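All residue numbers for the sequence shown refer to our numbering, where the first residue is 32 and numbers rise by one.
Glycine is no exception: its CB is placed at the ideal position from the N, C-alpha and C atoms.
From a predicted model like this one, the values you see are computed outputs, not experimental measurements.
Quick notes on the structure that follows.
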Amino acid sequence: MSIGLLYERSENDENGIKLTAQELGIDLTFIPFRKIAISIGKGNYNVASKGKNFTDTIKDIAVVLNRAQSKNRRVYAAHTMEVFGKKVINPSSIEFACYSKFRTLLQFWALGLPIPKTTYVPCDPFDTTKDGRVIHNEPDIADLLQQEIGSEVVIKPDAGTHGKGIVLSKNRQDLITNVQQTTSSIINPVGVVAQELIQKWFYDLRIIVSKEKRKDPVCHPVALARAGFNDFRTNTFLGNLVFDAKLPLHIRELAVKCGKALGKEHDAWVFALDAMMNVGENKPVDDETIKTELQKAAAPFEAIKKVKQDETRLRDFKTWNDKLEAAFKSYMSTESYAKVKSVIEENVETNRLQIVFHEANSCPEFWEQTRLIAGINVAVPLLKGAQSIL
Ligand SMILES: Nc1ncnc2c1ncn2[C@@H]1O[C@H](COP(=O)(O)OP(=O)(O)OP(=O)(O)O)[C@@H](O)[C@H]1O
Ligand SMILES: [Mg+2]
32 MSIGLLYERS ENDENGIKLT AQELGIDLTF IPFRKIAISI GKGNYNVASK GKNFTDTIKD
92 IAVVLNRAQS KNRRVYAAHT MEVFGKKVIN PSSIEFACYS KFRTLLQFWA LGLPIPKTTY
152 VPCDPFDTTK DGRVIHNEPD IADLLQQEIG SEVVIKPDAG THGKGIVLSK NRQDLITNVQ
212 QTTSSIINPV GVVAQELIQK WFYDLRIIVS KEKRKDPVCH PVALARAGFN DFRTNTFLGN
272 LVFDAKLPLH IRELAVKCGK ALGKEHDAWV FALDAMMNVG ENKPVDDETI KTELQKAAAP
332 FEAIKKVKQD ETRLRDFKTW NDKLEAAFKS YMSTESYAKV KSVIEENVET NRLQIVFHEA
392 NSCPEFWEQT RLIAGINVAV PLLKGAQSIL
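Here's what the structure looks like:
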């Protein structure tokens, strides 16, 4: 019985998992999860693409690493593979929680973990009656959010990624407009999710926690800090820079508890937790100083972006990967990098009691930034976790 890597397209992370498996001497079987047909009926299942049948391949697999990219496809994949008798990392019950920011936060909250105050209003901004009239619920929703959260409100699509659709309202007019724009969609199935505005500084954190069977869960001691002043959203997708930041023990312990809150009784799992520091005015350096250093670090970071766009990665992943590593190395060796990193680390240490966890990513990107900046190849806990439950 072997380990299956289920994926939609073979991207850098999936190639990275393949490369890491080779290095660790672990056999992997590949399961495409896009242009295939999964059929059930008459006591059998059949999985086939147009040219190839995968049913026997799947029968020989005991553990599936679920790398389907779309959250919905990932839930389908996890659930289907479990019913076919496979163990999955991460299991479908975990995917169910991570799919929704609100469901994730419910789990953290239930264990008393620090989260941003979060409000869910089950009602959609407008309803259409049978006779075609539109009923506007925006003012009521805005009233509820103001009543619970106050004047500064962050609205976010419950199942969104890459910061998409996350908006900040600073007054009632903004709030009404933003509620109006919160339409029901695949990334926001129903209702409105809103949060208090965390008074973070110019960065936030991504923290990796994982568990193998028969071992205690672990938190990687270094976080990936995403930093920039362009927007209140500091996630990397929006062009922010990245730095490594050593984590205080207190934060590592909380992160492990977040992992347990979602992992429940499962033997093996991997998460990338997103967290913010509610530092308020606790900033030892002025913003201008940081902005100057960030500007200086931006040039070598551009060089990284160029390598990322280089199409040789599709033909010769190994050579491309060497180039990528060299680009990260020269970015990280700059003086500006060191300065910003030390400010972040010090600020995290001072404000360690002010951390809030706001999301858990069950299928994180890792090959580029997390691996080369935070120094953890997530493929390793994924593969070792899979081996531990074989
Ligand atoms: N309540 C909040 N207060 C202040 N800033 C916030 C709040 N929620 C989110 N942000 C900012 O917006 C960014 C994106 O938020 P979040 O992680 O919830 O969205 P996402 O769509 O899942 O993004 P990603 O896919 O990059 O994780 C955060 O990294 C943070 O900088
Ligand atoms: Mg996030």
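Say yes only if the C-beta of N266 is nearer than 7 Å to one or more non-hydrogen atoms of ligand 2, and no if none qualify. Set against 7 Å, the gap from the CB of N266 to the closest heavy atom of ligand 2 is smaller.
List the residues that DSSP assigns as beta-bridge partners of K242. DSSP output for K242 lists W300 as bridge partner(s).
Cα separation between S33 and M112? Going by the C-alpha atoms only, they are around 14 Å apart.
Which runs of the beta strand (DSSP E) fall wholly inside the stretch 177 to 226 and span at least 3 residues, in chain order? Qualifying beta strand (DSSP E) stretches, in chain order: 184 to 187 and 198 to 200.
Within 7 Å: the Cβ of F332 and any heavy atom of ligand 1? Checking every heavy atom of ligand 1 against the Cβ of F332, none is found closer than 7 Å.
Please report the straight-line C-alpha distance between R203 and L176, rounded to a whole angstrom. Straight-line measurement puts the Cα of L176 at about 10 Å from the Cα of R203.
Cβ-Cβ separation, L414 to L55 (assumed contact under 8 Å), whole Å: Contact between L55 and L414 holds, with the beta-carbon distance rounding to 6 Å and staying under 8 Å.
At the level of alpha carbons, what is the spacing between F64 and S41? F64 and S41: Cα-Cα distance of roughly 11 Å.
Where does H297 land, buried or exposed, given buried means 16+ other C-beta within 10 angstroms? Burial is judged here by how many other beta carbons sit within 10 angstroms of a residue's own beta carbon; H297 has at least 16 and is buried.
For the candidate residues P395, I172 and P147, whose alpha-carbon lies nearest to that of T267? Of the candidates P395, I172 and P147, P395 places its Cα closest to the Cα of T267.
Round the Cβ separation of F397 and K322 to the nearest angstrom and send it over; I've been treating them as touching at under 8 Å. Wrong, their Cβ atoms sit about 28 Å apart, outside the cutoff.
Using a Cβ-Cβ cut-off of 8 Å (strictly less than) and excluding sequence neighbours within five positions of L384, which residues of its own chain qualify? For L384, where only same-chain residues beyond five positions count, the Cβ hits under 8 Å are H281.
In the DSSP assignment, find the unbroken beta strand (DSSP E) run with V114 in it and report its ends. Per DSSP, V114 belongs to no beta strand (DSSP E); it is in the alpha helix (DSSP H), K102 to V114.
Based on the DSSP output, what are the partners of G72 in its beta bridges? Note: G72 is bridge-paired with N75 in the DSSP secondary-structure output.
Residues surrounding ligand 2 [beta-carbon distance to nearest heavy atom under 5 Å]: Sorted by position in the chain, D305 and E390 make up the residues whose C-beta lies under 5 Å from a heavy atom of ligand 2.
Check whether the Cβ of P147 sits closer than 7 Å to any heavy atom of ligand 1, and report yes or no. Flag set: Cβ of P147 near ligand 1.
Whole-angstrom C-beta distance between T149 and F133, which should lie under 8 Å: The beta-carbon separation of F133 and T149, rounded to 7 Å, stays under the 8 Å limit for a contact.
For G35, which of helix, strand or coil comes out of DSSP? In this structure, G35 counts as strand in the three-state DSSP scheme.
Is it buried or exposed, L53, if we count other Cβ atoms within 10 angstroms and call 16 or more buried? Here the sequence assigns Gln to residue 53, which means Leu is not the residue at that position. Q53 is exposed by the Cβ-count criterion.
Taking the alpha carbon of G311 as the point to measure from, which residue in K370, G270, A299 and N378 has its own alpha carbon closest? Sorting K370, G270, A299 and N378 by C-alpha distance to the C-alpha of G311 places N378 at the top.
Note down, in chain order, each residue of its chain lying with its Cβ closer than 8 Å to the Cβ of N382, except the 5 sequence neighbours on either side. Excluding positions up to five away in sequence, the list reads M308, N309, V310 and N313.
Tell me the rounded alpha-carbon separation between I197 and N408. Spanning the two alpha carbons is a distance of roughly 29 Å.
For the stretch 353 to 411, which segments carrying the alpha helix (DSSP H) assignment without a break, of at least 4 residues, lie completely within its bounds, in sequence order? The DSSP assignment places complete alpha helix (DSSP H) segments of no fewer than 4 residues inside the stretch 353 to 411 at 366 to 381 and 400 to 404, in order along the chain.
Could you say which of K195, Q340, I238 and G294 lies nearest to S124 if we only look at CA atoms? The alpha carbon of S124 has as its nearest neighbour, out of K195, Q340, I238 and G294, the alpha carbon of G294.
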